[in-house]
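Notes for the one structure printed next.
Residue numbers (UniProt numbering): 1 to 279.
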């Protein structure tokens, strides 16, 4: 059955696919030696990673303008982190800092000098499986915000959006799944920045990160924890706990595709933040 929300057609997926492209790199391969003092003889794979990094930093990063620059920069860092991890695993490199890191630093630093704006290197040494979770969170928040700004990008119903957000929440925080990931949540704090990207994109504030849409005046209630720090405490979300998005209640058909342009109006309501949606 076709997914109601196809993430492969959304900007985070499309941009990351562009970063992963390995064709058209010949001129960059020839140029890599000008970016580093590391000898690349017999290191073709590392050279190719360098060539791809040069192409991505100089061409892909600045020319894909459908997402904001900070998100694109984070994605470039995710991509590079994954490439380095795979290379070290393949070559059985266990050193915390090796010639691979020296090479990458050389290339990145030289690229950064001529860039405007520059993309800062994220040198956090988190486990690769947890970095994958962070990227999933980052992609989810980006897609969620696109739907809030213009639901025409989604072409789905209000209920579809609620179910999509709930599916993302359940992947890590359902009563069945949360204990599995609990050891990861306990190993890091909010200040470490692994599971906290921004105020509205954080596993430490579930209500703001995984909001609900109030469709035609009908609230959407689901069991939700408030933060990863209380993984096993599930409560029913309500208007005072969760961020809710209100759609126009004048429609007579509750399941028609949402084609309105939503205007943000942040309202302080006791302990909750609400977004008023207008047509």
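The beta carbon of each residue, even a glycine, is placed where N, CA and C say it ideally should be. These numbers come from a predicted model, not from an experiment.
Q: Identify every run of the alpha helix (DSSP H) within the region 91 to 161, keeping only runs that are complete inside it and at least 4 residues long; order them along the chain.
A: 99 to 113 and 128 to 149
**Q.** Rounded Cβ spacing between residue 78 and residue 113 (contact assumed at less than 8 Å)
**A.** In fact, because the Cβ distance is near 23 Å, the residues do not count as touching under 8 Å.
Q: Find the nearest neighbour of residue 58 within the set 76, 37, 43 and 179, judged by alpha-carbon distance.
A: 76
Q.
Among the candidates 130, 67 and 20, whose CA atom is the shortest distance from the CA of residue 183?
A. 130
Q) How would you write the range of the beta strand (DSSP E) that residue 213 sits in, first residue to last? A) 212 to 214
Q. When the Cα of residue 198 is compared with those of 139, 4 and 213, which residue comes out closest?
A. 139
Q) Do residue 9 and residue 160 have their C-beta atoms closer together than 8 Å? A) no
Q.
Tell me the DSSP secondary structure of residue 85 in three-state form.
A. helix
Q. Which value, in whole angstroms, describes the spacing of the CA atoms of residue 92 and residue 41?
A. 18 Å
(Q) I'd like to confirm the pairing. Which residues does DSSP put opposite residue 11 in its beta bridges? (A) DSSP output for residue 11 lists no bridge partner at all.
Q) Is residue 225 helix, strand or coil by DSSP? A) coil
Q | Nearest neighbour of residue 209, chosen from 219, 218, 225 and 217 [CA to CA] | A | 225
Q. When the distance is taken between beta carbons, is residue 107 closer than 8 Å to residue 54?
A. yes
Q. Which parts of the region 171 to 204 are runs of the beta strand (DSSP E), unbroken and 3 residues or longer, counting only runs that do not cross its ends?
A. 196 to 198
Q: Taking 8 Å as the cut-off, decide whether the C-beta atoms of residue 119 and residue 25 are in contact.
A: no
Q: Using beta-carbon positions only, say whether residue 171 and residue 177 come within less than 8 Å of one another.
A: yes
Q. Less than 8 Å separating the beta-carbons of residue 74 and residue 15?
A. no
Q: Using beta-carbon positions only, say whether residue 11 and residue 66 come within less than 8 Å of one another.
A: yes
Q. On the three-state DSSP scale, how would you describe residue 218?
A. strand
Q: Decide if residue 211 is buried, meaning its Cβ has at least 16 other Cβ atoms within 10 Å, or exposed.
A: buried
(Q) Looking only at its chain, what residues have a beta carbon closer than 6 Å to the beta carbon of residue 32, apart from the 5 residues adjacent to it on each side? (A) 47, 50 and 51
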